[in-house]
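Numbered according to the numbering used here, the sequence shown spans residues 439 to 1057. Data first, discussion second: the structure below is written as structure tokens.
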Amino acid sequence: MDSISKAKKKEKMGDIEGALVLLKEALANNPNDISTQIEIANLYATNNNFLEAATYFRKLLPITNGNEDIREGLCFCLKQIGNEYQINRNYKLAKDCFEEVLTHRPNNPDYLFNYGNALLSLNQFDKSIDAYQSSIKKNSLKPDADTFNNLGNAYRSLGKNEDAIGCYKQALEINPKSIHSKVELIHLMQHVCEWRNIDILFDDIKNHIINDDKGKISPFTVLSMPNLNNKDHLRVATNWSEQIKIKSFNKISAPVKNKITIGYLSADFRSHPLYYLILDILKSHNKKLFSIKLFYSGPDEPSIEHEAFKKLDCQFINLSKESDAQGAQLIRDEKVDVLVDLSGFTKNSRSFIAAYKPARYHINWLGFAGTMGFHYKKPLFDFILADKYIIPDGKINDYAEKVLYLPHCYQPNIAERPKLRLKIKKDYGFDDNTFIYASFSQPIKITKDQFNIWIELLKNCPSANLWLLDSNNLYKENLWLFAKLNGVGESRIKFAPKVSIDEHINRHQIIDLFLDTYPYNAHTSTSDAIWAECPVLTLSGQSFASRVAGSILKEIDCEELITKDNDEYYDKALKLYKNPKELLRIKQKIIIGKRNSILFKPNIFTTNLEKIYRDLFTS
């Protein structure tokens, strides 16, 4: 019996290693034997060792004069390797794999699609669009919904919102059951305030969440959907987390060292609202008792803020180019006791690092307004940091994590925000007698119901204007059209351009009443307004995201600005328009509350936070 026959017999019996030993011994005796090399390559490939298989197929291709079966075997292996790299966030290696496979099969729509995915992950949007369009062209007789969906994602990344919407709709025409295309469409429709038929789409998502546990929905996209509750958010987060199948590290024992090592994981140690929330906490940490390590997982973009984090008395470790497994190992190697994720399921999230359990304790805080869900029946994160207003005692079962309660508002701030310089309404093109309702939240947070309330206020408050944050042209056009159709002229709605953070904070001073959004409250934007001593009217619901502004207002003793439903929200906003004395009283109360609360006192905040960390090891 020849070596190949003997090897096949061993393979059939499950002895893969034995089969390989026989084949490699035969190859050593006859290095030019093509049949043995093919057998080794096929054996590696059928047993999912695609890297080794590809090595053999590469060697075989030139000596077989480009044999098509060999080429096909190489392409198959490269596809599997590339997809594995993509899953593990090794996007550069994924791109290299698909570039190689396309040298052999340049017209294959599947390979072009995968190449586009790698380029999109590397933020090479124009090139990804070219790849997706080529894939669509090569597959015109059998259009693929996922290709149109991802083409939409690329267009959206470039701000080409109309093109993106068209792609998502095309994807849904091809596959009406594509839940991720439907979610992407809804999310973008909210971003541009395109509300036609959106309630039907909201209901579709609600039904999917309740009845289907297989379609994965990004937890961040549902925070602004007004028809969902905490239980829905928990289901979405859990379903999203369970897509990652990994083997965690062995559990870490309690530290036997003088210092507790705290690791903060975030993609947002850069030009981002997180700068204004967390910087002074990191400065204030007691470095005699705590060793602080910052694990940066976002894009490497240079900014003043980014450099500020690097210059702190903390170890700064860049995970940008590491896979989740590699990142987890680095955190493990640094002997982190408590890993605090400050990004959650937001852009550039690396929260799945927590699934490896690289630290003794894992805490969800600040970046994501909700639970991170369960990962195969265990919490992805051990704890969530909150306060008693954000998560009342009766709501703790809505969260996968155990709740750690701060004795005050859960949101920190830097002590010294931009200094207030006197501003008047004429500085921004408003008449002195104009009553300014404003909302500087992102468009995604503005719902149709919310905007309807604002329109009714303008109709019943003749001297009032609505001042919104400028974002994208389509969003402005849609809001102006909606207002016009409901009896309010375009001139009553103004848009504030993007300016420096100093100027942005200072222009809050001319606002008479800041109108918060629901169900996704203004978070950092609420603190911005309070710093500028501007009243914020909020509607507080049951979800984490809908209670943040209420938590901040409670902290400064202004609970009269918290409302419980649309009617109370409208009535309060109208009352404050009609009663300038009451509005002045509230503004004076904000000044006192701002001074007396811990909202802008990070030293006190940090002391309380450190007690929570210490208690983890003494309880």
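A virtual CB, placed ideally from N, CA and C, is assigned to each residue, including glycine. Note that this is a predicted model, so its numbers are computed, not measured.
- Asn555 sits buried, since 16 or more C-beta atoms from the chains shown fall within 10 Å of its C-beta.
- Leu558 and Lys517 have their C-alpha atoms roughly 17 Å apart.
- For the pair Lys615 and His813, the Cα-to-Cα distance works out to about 25 Å.
- Between Ser981 and Gly988, the CB-CB gap reaches or exceeds 7 Å.
- In this chain, the beta strand (DSSP E) harbouring Lys932 covers Ile931 to Ala934.
- According to DSSP, Asn756 shares a beta bridge with Tyr734.
- Taken through DSSP and simplified to helix, strand or coil, Phe707 comes out as coil.
- DSSP places Thr964 in the helix class (H, G or I) of the three-state scheme.
- Nearest C-alpha to Ser704 among Val660, Ile769 and Glu455: Ile769.
- With the rule of 3 Cβ pairs closer than 8 Å, the stretch 624-633 counts as touching the stretch 599-613.
- According to the DSSP secondary-structure assignment, Pro817 is paired through a beta bridge with Phe812.
- For the set Tyr734, Ile931 and Asn577, the Cα lying nearest the Cα of Asp908 is the one of Ile931.
- DSSP places Trp905 inside the beta strand (DSSP E), whose first and last residues are Ala902 to Leu907.
- In this structure, the beta-carbon distance from Lys748 to Gly701 does not fall below 7 Å.
- With contacts defined as CB atoms closer than 7 Å, Ile574 and Ala592 fail to qualify as a contacting pair.
- Under the Cβ criterion (8 Å, minimum of three pairs), the stretch 825-843 does not count as touching the stretch 882-898.
- Arg788 places its beta carbon 7 Å or farther from that of Glu739.
- When the alpha-carbon of Asp548 is set against those of Leu531, Asp995 and Lys580, the nearest one is in Lys580.
- Within the same chain, Cβ atoms closer than 8 Å to the Cβ of Gln571 are found at Leu589, the five residues on either side in sequence being excluded.
- Per DSSP, the continuous alpha helix (DSSP H) segment holding Val986 begins and ends at Val986 to Glu993.
- A check of alpha carbon separations from Ile1050 across Tyr799, Trp905 and Ile617 identifies Tyr799 as the nearest.
- Rounded to whole angstroms, the separation of the alpha carbons of Val774 and Pro796 is 8 Å.
- Within the model, the alpha-carbon separation for Ala763 versus Asn756 is close to 14 Å.
- In the DSSP annotation of this structure, the continuous segment of the alpha helix (DSSP H) that includes Ser473 starts and ends at Ile472 to Thr484.
- Under a 10 Å Cβ-count criterion, Arg1052 is classified as exposed, with fewer than 16 other Cβ atoms of the shown protein chains found around its own Cβ.
- In this structure, the straight-line span from the alpha carbon of Tyr494 to that of Arg509 is close to 11 Å.
- Cβ neighbours of Leu540 within its own chain (closer than 8 Å, five residues either side excluded): Asn546, Tyr549, Leu550 and Tyr553.
- Burial check for Ser984: the Cβ neighbour count within 10 Å reaches 16 or more, so the residue is buried.
- Residues of the same chain with a CB within less than 6 Å of the CB of Gly765, apart from the 5 flanking positions on each side, are Leu757 and Ile791 in chain order.
- Shown here, Ile829 sits in coil according to DSSP, grouped into three states, outside any helix or strand.
- Straight across, the Cα-Cα distance linking Asn503 with Ser619 is about 44 Å.
- Closest by C-alpha distance to Gly782, out of Met810, Glu760 and Ser761, is Met810.
- At a Cβ-Cβ threshold of 7 Å, Glu632 and Tyr606 do not count as neighbours.
- Here the alpha carbon of Val926 sits roughly 46 Å from the alpha carbon of Tyr734.
- As DSSP reads the structure, Asn802 sits in a beta bridge with Asp779 and Ile822.
- For Ile716, the closest C-alpha among the options Ala746, Lys695, Pro900 and Ile442 is that of Ala746.
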